[in-house]
Structure formats: structure tokens, C-alpha cells
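Enquirer: Shown below is the structure under consideration.
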DNA sequence: AGCAAGATTAGC
DNA sequence: CTAATCTTGCTA
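Shown next as C-alpha cells:
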């Protein structure tokens with residue numbers, strides 16, 4: 052079932068938590084790609100120095116101030132497109148950054164879009180990688196997530212048992228807020244992979 | 001008009 | 001550890 056506008060029209064940390072285990076879907080050129088969300092980050096309001104709304108309303112962050120349930124897509128480091136789901140009521144700038152997916156549909160298409168040859172678990176590992184695999188870019192900025200091309204749905208998958216919270220990745224300000232949610236020890240979660248324990252290594256050898 | 005920095009990634 | 005790459009927002 053496709054998530055409704057009401058789903059996004061809630062406190063951002065609640066939306067972030069509930070997005071874990073939901074499925075991001077994109078239809079493009081008749082091809083459907085999708086994946087289970089396993090990692091997200093919340094960016095909340097002008098008082099959050101890491102949020103793009105920190106400088107107040109600008110041309111770029113306009114979607115953040117708009118109604119909930121729309122996509123905010125922007126170019127990062129001049130190279131990577133990152134996709135967010137806008138949350139909270141219109142005029143309240145906040146969003147959830149989608150950082151990693153476990154691929155479900157269209158894996159062959161994803162593999163073609165990614166130039167590198169990687170394992171399935173790495174196809175949508177990292178916010179810049181998943182937009183490439185899903186075919187999401189500038190054209191999807193402002194797209195209605197309650198429409199038919201780009202949306203998030205509940206497929207009734209069991210809510211992952213171990214949702215961990217930690218500090219957000221790759222920012223230099225607002226690092227004290229633990230607004231990153233992820234499925235613990237899931238292979239598609241970005242960031243440095245936790246060092247294998249001595250026992251795990253022995254077991255593998 | 002010029003400039004510094006950025007919600008990343010891959011390669012050395 | 002660092003280059004790649006370009007838009008935004010700030011300063012002049």
C-alpha cells in the first residue's frame with residue numbers, strides 16, 4: 052500500500068523510524084526499480100545547522116517548506132543526487148534523507164545504471180549510489196510521492212527488530228544529534244562496515 | 001563577479 | 001587521504 056500524505060505529515064523522527072522497512076519505488080521508461088529502506092537521516096528545521104533550511108528559505112530548499120509527501124532532490128558535491136522525503140506541515144521545513152536500500156525489483160536495470168560491478172547489497176548502498184541505481188535525479192525534485200512514478204509503499208514486511216540510532220554521517224555541524232536510523236548490521240547500510248570480530252574472522256577462515 | 005564549502009564516492 | 005565536479009549562498 053502506497054504511503055499517504057498523512058504518513059509524511061508527522062514529526063520527522065517518527066517518519067524516519069517508520070520509513071525503515073518500507074519500499075521505495077520508481078517507475079522510469081516502463082521499468083520498475085525498488086528496494087527496502089534500511090538507512091535514513093532526519094533533517095529538521097531552521098534550527099538544525101545541518102539542514103538545508105538553516106539559512107532560511109532559498110531557491111534551492113524551497114521543497115522543504117512545501118507540503119509533506121514530496122521529493123526533495125539536490126546535487127551534492129557537484130556529483131551526487133540525494134533524495135529526501137519532505138515531512139511535517141507546509142511551512143515547517145524538514146525531510147528524511149534516504150541513505151540505503153536493499154534492492155528488490157529491477158536489479159538488472161540497477162546494475163546497468165551503476166557502472167561498477169558490485170554485489171546486490173552494494174547496488175543501493177549510500178545515498179549517491181541509490182539514486183543512480185534507481186534512476187533518480189534533478190527531474191525528480193519536487194515530485195509528488197503520492198503520485199504514480201516515485202513513491203514509498205508498505206508491503207507488509209515485518210518491521211526490522213533492530214533499528215539503531217546514531218549520529219548523522221558526512222556533516223560537520225549538528226553532529227551531536229542522533230538522527231540517523233538504520234537496520235543494525237544490515238549489509239546495505241552505508242558508512243564504514245563495522246570491523247569483524249576475532250571470532251567471526253576465525254569462523255570464516 | 002568571485003569564492004568557499006558541501007547530507008559523497010572511488011581510487012591510490 | 002584526496003580528487004572529482006558544480007550549484008548555492010555569501011561577500012564585495
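Residue numbers (our numbering): 52 to 256. Beta carbons are placed, not taken as given, at the ideal position from N, Cα and C, and that holds for glycine. Being a predicted model, the structure only gives us computed values, none of them experimental.
So, under 8 Å CB-CB, residue 192 and residue 140 are touching, yes? Tell me the CB distance rounded to an integer number of Å.
Expert: In the first chain, the residue the question calls residue 192 occupies position 141. In the first chain, the residue the question calls residue 140 occupies position 89. With a Cβ gap of about 20 Å, residue 192 and residue 140 do not count as contacting.
Enquirer: Cα-Cα, which of 76, 88, 62 and 197 is closest to residue 210?
Expert: As a working note, residue 210 is residue 159 in the first chain. Taking only the C-alpha atoms, the option nearest residue 210 is 88.
Enquirer: Going residue by residue through the stretch 81-148, where are the continuous alpha helix (DSSP H) segments of at least 4 residues, counting only ones entirely within it?
Expert: 113-116
Enquirer: Counting beta carbon pairs with one atom in the stretch 62-81 and one in the stretch 103-110, are three or more of them shorter than 8 Å?
Expert: no
Enquirer: So, for residue 74: in the same chain, excluding its five sequence neighbours on each side, which residues have a beta-carbon less than 8 Å away from its beta-carbon?
Expert: One-based indexing of the first chain puts residue 74 at position 23. So the qualifying residues of the chain are 85, 86, 87, 88, 155, 203, 204, 205, 206 and 208.
Enquirer: Output needed for residue 53: all residues of its chain with C-beta closer than 6 Å, excluding positions within five of it in sequence on either side, in chain order.
Expert: Locating residue 53 in the first chain gives position 2, counting from the first residue. Taken in chain order, the residues that qualify are 202 and 204.
Enquirer: Report, in whole angstroms, the separation of the C-beta atoms of residue 181 and residue 149, which I expect to be a contact under 8 Å.
Expert: Within the first chain, residue 181 is the residue found at index 130, counting from 1. Within the first chain, residue 149 is the residue found at index 98, counting from 1. Between residue 149 and residue 181 the Cβ distance is about 7 Å, and since that is below 8 Å, they are a contact.
Enquirer: Which residue's Cα is closest to the Cα of residue 229: 55, 92, 241 and 76?
Expert: The count along the first chain starts at 1 and reaches residue 229 at position 178. If we check each option's Cα against that of residue 229, 92 comes out closest.
Enquirer: Is it buried or exposed for residue 217, if we count other Cβ within 10 angstroms and need 16 for buried?
Expert: Taking the first chain and counting its residues from 1, the one referred to as residue 217 is at position 166. Per the 10 Å Cβ criterion, exposed.
Enquirer: Please report the residue range of the beta strand (DSSP E) in which residue 214 lies.
Expert: Your numbering for residue 214 matches position 163 in the first chain. Counting along the chain, residue 214 sits inside the beta strand (DSSP E) bounded by residues 214-217.
Enquirer: Identify the continuous alpha helix (DSSP H) that holds residue 66 and give its terminal residues.
Expert: Position 15 of the first chain holds residue 66. First-last of the alpha helix (DSSP H) with residue 66: 63-70.
Enquirer: Tell me whether residue 249 sits in a helix, a strand or coil according to DSSP, three-state version.
Expert: Translated into positions along the first chain, residue 249 becomes position 198. Residue placement at residue 249 is poorly supported in this model, since its pLDDT is 49, which falls under 50; the coordinates still yield a value, given next. In this structure, residue 249 counts as helix in the three-state DSSP scheme.
Enquirer: If you draw a straight line from the alpha carbon of residue 226 to that of residue 220, how long is it in whole angstroms?
Expert: Your numbering for residue 226 matches position 175 in the first chain. Your numbering for residue 220 matches position 169 in the first chain. In a straight line, the C-alpha of residue 226 is about 8 Å away from that of residue 220.
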